[in-house]
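Reading through the structure tokens given below for one structure.
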Amino acid sequence: MANKEIPYKIYLEESEMPKKWYNVRADMANKPAPLLNPGTLKPMTAEELGVVFCDELVQQELNDTDAWIDIPEEIVNFYKMYRPSPLVRAYCLEKKLQTPAKIYYKFEGNNTSGSHKLNSAIAQAYYAKQQGLKGVTTETGAGQWGTALSMACAYLDLDCKVYMVKVSYEQKPFRREVMRTYGASVTPSPSETTEVGRRILREHPGTTGSLGCAISEAVEVATSHEGYRYVLGSVLNQVLLHQSVIGLEAKTAMDKYGIKPDVIIGCAGGGSNLGGLISPFMGEMLRGEADYHFIAVEPASCPSFTRGKFLYDFCDTGKICPLAKMYTLGSGFIPSANHAGGLRFHGMSSTLSQLYHDGLMEARAVEQTSVFEAAEQFARIEGILPAPESSHAIRVAIDEALKCKETGEEKTILFGLTGTGYFDMVAYEKFHNGEMSDYIPSDEDLQAGFDGIPRFPGNE
Ligand SMILES: Cc1ncc(COP(=O)(O)O)c(C=O)c1O
């Protein structure tokens with residue numbers, strides 16, 4: 001249906017929603033490196049992973065071969081509460097920028113949790129329920145993931161224990177109350193409720209916490225309570241798999257109108273939205289069927305891709321999780337208190353790390369004041385109040401569109417608008433009052449993080 005007039009919003013029919021998730025690993029010649037047991041340095045077996053994660057999710061985590069995995073009907077039905085999500089043609093932004101570029105964004109903020117995180121939360125809660133578990137534990141930074149998981153657990157009648165990074169717990173009381181409304185218990189991390197929390201508090205008194213600390217606590221609680229497993233909102237292969245609904249819907253909508261993106265942009269915290277958005281397009285590129293320019297955008301204050309090392313490292317500060325091979329700043333790296341809580345993770349998805357390492361993707365680091373300038377411009381022109389995390393992608397989409405203005409190129413740009421920023425008004429306030437700074441870690445700061453990466457033969 002090429003050349004048809006393109007509406008402001010393309011909404012698919014419910015019947016056009018994906019029935020299968022797409023597993024990009026199946027098409028990768030260089031597979032992401034397996035998770036390692038930190039004790040034996042051998043790949044984690046399904047049995048070992050099963051102590052921490054739900055059984056079906058372990059299978060998905062280890063599955064590097066099946067390109068398509070059925071989405072259970074109950075999950076598809078849950079998705080229908082807030083999907084298909086719109087693919088928006090940013091006509092107003094294009095006009096304002098006076099660019100010949102055509103800009104599209106896939107908007108994932110149209111659900112109560114406010115972000116794409118619900119796509120994986122419902123899947124992970126569903127498999128926990130299927131396994132007959134009592135509940136799940138997790139960490140949350142800014143709170144989007146915790147909120148999404150609370151919603152999914154409420155729907156399936158599962159207990160949900162959330163460890164929330166202390167600084168966010170204190171700064172975002174409303175986010176916390178949304179989670180409690182959905183029935184979750186929310187504990188500020190690090191806390192006195194776990195062994196690892198007490199240790200971190202002893203070593204770093206007064207710390208405001210990090211995602212890495214909260215992960216350690218949530219894992220400890222899951223593995224020490226009968227009938228509980230731990231679930232993670234990003235980084236893992238299974239999460240990227242669930243998030244492939246974003247890219248699959250975007251591709252179906254674009255194909256319907258004969259649109260082919262040239263540049264695909266997403267913010268990258270642990271990599272789940274970016275991985276999900278690019279998966280089907282990356283699959284085409286890996287199979288030699290098409291060519292795209294992928295750009296991962298991260299904060300200059302937490303530059304895992306652009307300044308990190310591609311090594312095996314712990315995903316958590318307490319060093320109790322398996323080792324993942326990824327671009328990392330070191331599990332002890334605690335980024336400055338920038339306002340994109342969801343992008344403050346020291347590592348990155350192994351799948352995306354491998355793709356980046358193989359030169360299939362570009363990464364850019366951007367400073368937060370320029371991110372908020374883009375966020376504000378976008379809000380004023382397109383109407384949506386974007387999350388600080390999502391605004392990283394907006395920044396680079398605008399930069400790319402302005403480049404097209406200079407060169408006259410009519411590129412088609414697609415970016416992921418992962419969520420809304422209603423709970424981030426303190427950050428917007430700081431920006432408006434001129435109180436926002438751009439902290440960029442020095443090489444010495446980064447070295448301190450790198451020094452904590454475990455070293456062993458092959459990981460130097
Ligand atoms: C709105 C939003 N966008 C993006 C992210 C980054 O996560 P990921 O890289 O897994 O998509 C988060 C994480 O909390 C988020 O809340």
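Note that the working numbering has the sequence shown beginning at 1, numbered continuously upward. A virtual CB, placed ideally from N, CA and C, is assigned to each residue, including glycine.
- Sequence-distant partners of P190 (beyond 5 residues in either direction) whose C-beta falls short of 6 Å from its own C-beta, in its chain, are G197, I200, L201, G209 and C213.
- Only residues of its own chain outside the window of five on either side were considered, and among them Y82, S85 and P86 have a CB closer than 8 Å to the CB of N110, listed in chain order.
- Taken from the Cβ of L274, at least one heavy atom of ligand 1 lies inside 7 Å.
- Taking 8 Å as the cut-off, the Cβ atoms of A67 and L118 do not count as close.
- Your pair A46 and G342 does not check out as a contact, with CB atoms roughly 29 Å apart and the cut at 8 Å.
- Note that the C-beta distance between Q98 and K403 is not below 8 Å.
- When T407, P280 and L385 are compared, the shortest CA-CA separation from M425 is found for L385.
- By DSSP's assignment, W21 forms a beta bridge with I69.
- If the five residues before and after F333 are omitted, its C-beta is found closer than 6 Å to the C-beta atoms of H346 and G449, all from its own chain and listed in chain order.
- Not one heavy atom of ligand 1 lies closer than 7 Å to the C-beta of W21.
- Secondary structure note for S189: its beta strand (DSSP E) is the uninterrupted segment S185 to S189.
- If you draw a straight line from the Cα of I320 to the Cα of C92, it comes to about 48 Å.
- Within the stretch 166-218, the runs of alpha helix (DSSP H) that reach at least 4 residues and sit entirely inside it are, in chain order, 166-171, 173-181 and 195-203.
- Of the residues M436, G288 and L41, the one whose Cα lies closest to the Cα of S336 is M436.
- Here DSSP, grouped into helix, strand and coil, assigns M44 to coil.
- Per DSSP, the unbroken beta strand (DSSP E) holding L87 starts and ends at L87 to R89.
- Looking from the CA of N459, the closest CA among L36, G50, E14 and F415 belongs to L36.
- When Cβ pairs closer than 8 Å are counted between the two stretches, the stretch 261-272 is seen to touch the stretch 404-423, the count reaching three or more.
- Runs of alpha helix (DSSP H) with 4 or more residues, each lying fully within the stretch 260-335, are found at 272-286 and 304-307, listed in chain order.
- With respect to P299, A363 sits apart: the two C-beta atoms are not nearer than 8 Å.
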